Amino acid sequence: MKYIFLKDMRRRMLFDSFEKRKVFLKSLVEDLRLSKSLRVYAYKELLQLPKDSSLTRIRNRCVLTNRPRAVYKKFGLSRLMFRKYV
């Protein structure tokens, strides 16, 4: 279980470090006023980013038990821990 927790933390750190660059490159690719060669270069750079830097790779997990399912985003707790502490 600890490995899964560490893997999720690594993905979160990768997302944080590449988020600004990814948004910038996406805006370059989508801007039709720029030259095609610059947009192609930005697209290739976007493809070179690690897959784990994507937001969809991050899984919401309970902060107490690391349970991946039935987690309330607002509290960061699974339904079981939420019932236990409420």
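Straight run, no breaks: the sequence shown in the numbering used here ends on number 1008.
Each residue gets a CB set at the ideal place from its N, CA and C atoms; glycine is no exception.
None of the values given here were measured: they were computed from a predicted structure.
- Here R961 really is in contact with V951; their C-beta atoms are around 5 Å apart, less than 8 Å.
- Under the three-state reduction of DSSP output, S957 falls in the coil class, being neither helix nor strand.
- Listed as beta-bridge partners of L971 by DSSP are no residues whatsoever.
- Boundaries of the alpha helix (DSSP H) around K944: 924-952.
- According to the DSSP secondary-structure assignment, S1000 is paired through a beta bridge with V993.
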